[in-house]
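Enquirer: Sending over a structure as C-alpha cells; questions will come in a sec.
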Amino acid sequence: MTRKERFKLIIDYFKVNMPVAETELDHTSPYELIVATILSAQCTDKRVNIVTPSFFEKYPTVSHLAKAKVEGIFQMIKSISYPNNKANHLSGMAKMIVSDFGGVIPSDINELQKLPGVGRKTANVVASVAFNKPAMAVDTHVFRVAKRIGLTYNAKTPLATELQLVEHIPEELIPIAHHWLILHGRYVCIARKPKCPECGVREFCKEYGKLKVKG
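Mapping of the sequence shown onto the numbering used here: residues 3 to 217, in sequence order.
As C-alpha cells, this is what we get:
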C-alpha cells in the first residue's frame, strides 16, 4: 500500500466515523482558547477545564489579563503544571496583544509565535480552531499516531511531521484532521498499549500490518 492510498483510506474512514471532531479545551473565544492552550502544555485538557472557568471569571478579556499581576495569575493556575512559567507567559502574552495587536488575538501563525508562551504547536491550534485555518498542530498524540499508522515516514520532529501531513491531507480537511489524530491517539491508539481490536483503521495501519505478519 502506498502512503497516498493509506492517507485516502484513513481520511475516508474518519470522514464517515468521526464527522464531528473538536478540541476538548472549553472556550468561547480566541482569547479563551489561547489561554487554555498555553495552560494545556504538558497538562491534561481535563485539568485545564477545571481551572479556566474561575480564571475567565476573574480575567474575562485579554485587557483584564494584561493588567493582572503575575502573582495573581499564578494563584489562579497553581494546580496546573509549571504554573510559574505559565503565569509569566500569560501575562506577557496579554500585554503584547494589547500593545502590539490592539487587543485582538492574531490569526496568523507567524504573528502568534511572537507572543510569549506561544510556540508553533500552540499557534497552529489557535489558527486552526479559532480561525479555521489549514494549520496542523502536532502534539505527542499526533506525532505518535501519524508515525505508527504510517502517515509519516522518518519524521523525527514535530515540524517534519506537520509538513508531511499537510502535504497529503486536503487543505479543507486539515483543521478536522488535527482532531481526528489527537482523539484517536488519546482514546484508541494510546502510547503504551494501543487498543488495536477497537481500532477502525487497523487494516490500513502500518504497525498493525507488521504485527499481523509476525503473528
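Backbone N, C-alpha and C define an ideal beta-carbon position, used for all residues, glycine too.
If we call anything under 7 Å between Cβ atoms a contact, is P32 one with I111?
Expert: In this structure, I111 does not lie closer than 7 Å to P32 by Cβ.
Enquirer: Can you give me the start and stop residues for the alpha helix (DSSP H) that M78 sits inside?
Expert: Start and end: 72-79.
Enquirer: Closest to A162 by CA distance: which of K149, D14, P172 is it?
Expert: Here the closest residue by C-alpha is K149.
Enquirer: Could you tell me the alpha carbon to alpha carbon distance between M20 and D14, rounded to whole angstroms?
Expert: Straight-line Cα distance between these residues: approximately 10 Å.
Enquirer: With contact counted as at least three CB pairs below 8 Å, one residue from each stretch, are the region 192-210 and the region 32-47 in contact?
Expert: No: fewer than three Cβ pairs fall under 8 Å.
Enquirer: Thinking P160 and K123 are a contact (beta carbons under 8 Å), I'd like their distance in whole angstroms, please.
Expert: That belief holds up - the Cβ atoms of P160 and K123 are roughly 7 Å apart, short of 8 Å.
Enquirer: What does the Cβ neighbour count give for M78, buried or exposed, with the cut at 16 atoms within 10 Å?
Expert: Classification for M78: buried.
Enquirer: May I ask you to report which of helix, strand or coil DSSP gives L153?
Expert: Coil.
Enquirer: At the level of alpha carbons, what is the spacing between C191 and V147?
Expert: Straight-line Cα distance between these residues: approximately 7 Å.
Enquirer: With respect to the alpha helix (DSSP H) encompassing S65, which residues constitute its N-terminal and C-terminal limits?
Expert: Note, S65: alpha helix (DSSP H), 64-69.
Enquirer: So, is Q166 buried or exposed, given that buried needs 16 or more other C-beta atoms within 10 angstroms?
Expert: The residue is buried, with at least 16 neighbouring Cβ atoms inside 10 Å.
Enquirer: Between V22 and I178, what straight-line distance do the alpha-carbon atoms span, to the nearest angstrom?
Expert: V22 and I178: Cα-Cα distance of roughly 8 Å.
Enquirer: Whole angstroms are fine: how far does the CA of G202 sit from the CA of P172?
Expert: So the alpha carbons of these two residues sit roughly 21 Å apart.
Enquirer: Buried or exposed, going by whether 16 or more other CB atoms sit within 10 Å of the CB of D141?
Expert: Flag for D141 reads buried.
Enquirer: Is N156 near the ligand SAM, in the sense that its beta carbon is under 6 Å from a heavy atom of that ligand?
Expert: In the structure shown, the ligand SAM is absent, as is every other ligand, since no ligand is present at all.
Enquirer: Throw me the rounded Cβ distance for the H180 and V144 pair, which I believe falls under 8 Å.
Expert: Contact flag correct, Cβ pair sits at about 7 Å.
Enquirer: Grab me the residues of G217's own chain with a C-beta within less than 6 Å of its C-beta, minus the 5 sequence neighbours each way, in chain order.
Expert: With a pLDDT of only 48 at G217, under the threshold of 50, the placement of this residue in the model should not be trusted, and no figure is reported.
Enquirer: In or out: N87 buried (at least 16 other Cβ within 10 Å) or exposed?
Expert: With fewer than 16 other Cβ atoms within 10 Å, it is exposed.
Enquirer: Considering only the alpha carbon of each residue, which of G104, S65, M98, E205 lies closest to P118?
Expert: Closest option to P118, Cα to Cα, is M98.
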